[in-house]
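Q: Attaching a single structure in structure tokens format; questions to follow.
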């Protein structure tokens, strides 16, 4: 996800306003405000990068857990087949004879 913060910062830094002799905003106040906006944008950008890194790590963890789950499910399926084989081939009868 690209928010293009750097482009926005450049637009803010390079923004020029027309000067009026008798009225308008103080250019130093405008510059100071833009400086604050840039600081805020950089903070948001850093947060976004931090969150994206955390999301990427969690995605990797999820993928590993999915792989483990698939392996465990495969093991369960194999054990079910083995158990079914034993039941079909008289294991339960053999077990009863041994217990008597």
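In our numbering, the protein residues as written are 831 to 930.
Glycine included, C-beta positions come from ideal geometry on N, C-alpha and C.
Quantities reported herein were computed from a predicted structural model and do not represent experimental measurements.
#1: Please name the residue, chosen from 890, 859, 864, that lies closest to residue 844 on a Cα-to-Cα basis.
#2: I need the boundaries of the alpha helix (DSSP H) containing residue 865, first residue and last residue.
#3: Hey, could you find the ends of the alpha helix (DSSP H) residue 838 is sitting in?
#4: Determine the direct distance from the alpha carbon of residue 919 to that of residue 912, and round the result to whole angstroms.
#5: Can you round the beta-carbon distance between residue 847 and residue 860 to whole angstroms, since I take them to be within the 8 angstroms contact cut?
A: Well, looking at it:
#1: Across the set 890, 859, 864, the C-alpha of 864 shows the shortest separation from the C-alpha of residue 844.
#2: It spans 857-918 - the alpha helix (DSSP H) in which residue 865 sits, taken as one unbroken run.
#3: Residue 838 -> alpha helix (DSSP H) spans 835-844.
#4: Their backbone Cα atoms lie some 11 angstroms apart in a straight line.
#5: Yes, residue 847 and residue 860 are in contact; Cβ-Cβ is about 7 angstroms, under 8 angstroms.
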